[in-house]
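Notes follow the structure.
There are 2 protein chains.
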Amino acid sequence: MALGDAILACLTERPMTGYELAKTFDNSIGFFWKADHQQIYRELTKLRDRGHIQGREVVQSGKPNKLVYTLTPDGRAALRHWAARPSVPASIKDDLLVRLYALDSVDVEPLRTDLMARLEHHRDRFARYERLLNKRFPQGTAPPADVGKLLGLRIGLAHERAVAEWCEEAIEALSALTSGAERSNVVPLEENQRENKG
Amino acid sequence: MALGDAILACLTERPMTGYELAKTFDNSIGFFWKADHQQIYRELTKLRDRGHIQGREVVQSGKPNKLVYTLTPDGRAALRHWAARPSVPASIKDDLLVRLYALDSVDVEPLRTDLMARLEHHRDRFARYERLLNKRFPQGTAPPADVGKLLGLRIGLAHERAVAEWCEEAIEALSALTSGAERSNVVPLEENQRENKG
DNA sequence: CTGACTTTTTCCCGTCACGGTAAATAACGG
DNA sequence: CCGTTATTTACCGTGACGGGAAAAAGTCAG
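Protein chains in written order, with the UniProt record's numbering: chain G, 1 to 198; chain A, 1 to 198.
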């Protein structure tokens, strides 16, 4: 929704090109807002048309020339204005929850492997945020201008930790489910083999 | 993204009309997936065109007739198929994070009030989920078919708790910020008045 | 040297999401 | 009589998002 505003927010840090924005969204906002390069470029032209940013062409040798975008006073004002409006709480909207909701109409095995992949994913993110936190804010405190970035990292950490723990719980629950089903419906594999042997 | 699949998932529970779906999304999926009635109806016609659901008109007296939609075997198959594909981890995409990211280019006061509203919002959600949990799963356990729903509530709880706590932290951090600024830049109001009096 | 990859921007195509405005229908509550 | 509830449908836009592609000029590996 607020992709344009996210870009404006990025540009408060320093002027950037579309390419740079697309690459990382500056290693911090990018974790919360993924957007591919075409989206970024499209948004940049919109913002330029609105006069919120201003592009300055930098001639390069060896590479195509680049357009470095800077916030205009109008852009700053727009950002401030937008930031003063109440935010809309975001929904979770995770596919996994829908799958789990329909658990009994769905194959459990792919779900379990999916959950395990997700667990790893969230652990990775957690570790990444942790590293970033230790690097950028080793004291756990931030200078006034960066307090918001610290807070962003903090909720990222909390979120990834919570989701990872939840994944573990979900995997366990699924295991309990299938082992229960096997006990009542199918003979579990090991016992089956043991019985076949004995 | 998977609005159609979310609807299919809902319909695994029981046949429903668009109106019912729009109302609540069944008091559980609706917390994660908000969608207004026009979206739902649009999606329903698409699903019907694909043959994933089937509408049966129920004649009513006193109210307009309603269309009760039921999953078709094709719809069930589509849901299973969709659920077997790996899920894409959702981004956070919360406006608040963008505002905080650009904290030093933004007015703090509206942000603070926004954060307080959000705190209340997440506490409310938390309480709501807790009530629902105690009502639907008083033992903290679920029959096999409902395990996924329990897990959904669980992550909802964890999420709201984490975000609410984070809001508190953020509010504190902002307070520290402004009181710090007042100490260095502006004389705080009370002291100002005391000095004026003395 | 060739072929692959990086850097940088742009364009065109679509689908999905989302939301406002609104209308039709028919009962019930006040 | 007016407003609300229940129920569906329509039309309109904007915004998000992503595939596919192409330019242009360099670097680096094989």
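Ideal Cβ positions, reconstructed from N, Cα and C, are used throughout, including at glycine.
Treat the numbers as computed from the prediction; the structure is a model and nothing was measured.
Using a Cβ-Cβ cut-off of 9 Å, state whether residue i counts as contacting chain A.
i	result
P110 of chain G	yes
I92 of chain G	yes
D114 of chain G	yes
D104 of chain G	yes
R183 of chain G	With a pLDDT of only 48 at R183 of chain G, under the threshold of 50, the placement of this residue in the model should not be trusted; the figure read from the coordinates follows. Output row for R183 of chain G: interface = no.
T12 of chain G	yes
E43 of chain G	no
R85 of chain G	yes
F155 of chain G	Reading off the sequence, residue 155 of chain G comes out as Ile, not Phe. True, the Cβ-Cβ gap to chain A drops below 9 Å.
G152 of chain G	yes
L21 of chain G	no
H37 of chain G	no
K135 of chain G	no
residue 219 of chain G	This structure cannot speak to residue 219 of chain G, because chain G is shown only from 1 to 198.
A127 of chain G	no
R80 of chain G	yes
P138 of chain G	no
G18 of chain G	no
H122 of chain G	yes
Cβ atoms of residue j and residue i: under 9 Å apart, would you say?
i	j	result
G4 of chain A	L67 of chain A	no
R80 of chain A	S105 of chain G	yes
E169 of chain A	R154 of chain G	yes
L151 of chain G	L133 of chain G	no
A162 of chain G	D107 of chain A	no
K135 of chain A	S28 of chain A	no
residue 215 of chain A	F126 of chain G	Any property of residue 215 of chain A remains undetermined from this structure, which presents chain A solely from 1 to 198.
G49 of chain G	L103 of chain A	Checking the sequence, you will find Asp at residue 49 of chain G rather than Gly. No, they are not a contact pair.
P143 of chain G	H122 of chain A	no
W78 of chain A	L8 of chain A	Inspection of the sequence shows that residue 78 of chain A is occupied by Ala rather than by Trp. Yes, the Cβ-Cβ distance between A78 of chain A and L8 of chain A is below 9 Å.
A6 of chain A	V98 of chain G	yes
Excluding five sequence neighbours on each side, which residues of the same chain lie with their C-beta closer than 7 Å to the C-beta of residue i?
i	result
E57 of chain A	N65 and L67
R76 of chain G	none
residue 236 of chain G	Because chain G in this structure spans residues 1 to 198, residue 236 of chain G falls outside the shown range and cannot be described.
From residue i to residue j, what distance separates their C-alpha atoms?
i	j	result
G55 of chain G	R85 of chain G	27 Å
F25 of chain A	D74 of chain A	21 Å
L21 of chain G	Q139 of chain A	49 Å
residue 215 of chain G	A173 of chain A	The requested residue 215 of chain G does not occur in the structure, where chain G is confined to residues 1 to 198.
E165 of chain A	D124 of chain A	13 Å
R42 of chain G	M16 of chain G	15 Å
E109 of chain G	E13 of chain A	21 Å
Q39 of chain G	H159 of chain A	29 Å
A35 of chain A	Y69 of chain A	17 Å
T45 of chain A	G18 of chain A	10 Å
L96 of chain A	R131 of chain A	27 Å
L177 of chain G	L177 of chain A	50 Å
Within the same chain, show all residues whose beta-carbon is closer than 8 Å to that of residue i, passing over the 5 residues directly before and after it, in chain order.
i	result
I171 of chain G	R112, L115, M116 and L119
T72 of chain A	G51, H52, I53 and Q54
S87 of chain A	none
A2 of chain G	W82
L100 of chain G	L111 and A170
T141 of chain G	L150
S175 of chain A	R112
Between residue i and chain G, is there a C-beta pair that is closer than 9 Å?
i	result
E168 of chain A	no
A117 of chain A	yes
T130 of chain A	First, the amino acid is wrong: residue 130 of chain A is Glu here, not Thr. For E130 of chain A, the answer is no, since every Cβ of chain G falls outside 9 Å of its Cβ.
R56 of chain A	no
R48 of chain A	no
F31 of chain A	yes
S179 of chain A	no
H159 of chain A	yes
residue 199 of chain A	Outside the displayed range of chain A (1 to 198) lies residue 199 of chain A, so it cannot be described from this structure.
P15 of chain A	no
P144 of chain A	yes
Suppose the cutoff is 6 Å on Cβ atoms and the five residues either side in sequence are ignored; what does the same chain contact list for residue i look like?
i	result
H37 of chain G	A22
G30 of chain A	T24
F137 of chain A	L150
Practice problem: Run through the UniProt domain "Transcription regulator PadR N-terminal" (7-80) of chain G for me and flag every whole beta strand (DSSP E) of 3 or more residues, listed as ranges in chain order. | Solution: 53-58 and 66-71
Practice problem: Entirely within the UniProt domain "Transcription regulator PadR C-terminal" (92-174) of chain A and at least 3 residues each: give me those beta strand (DSSP E) ranges in chain order. | Solution: none
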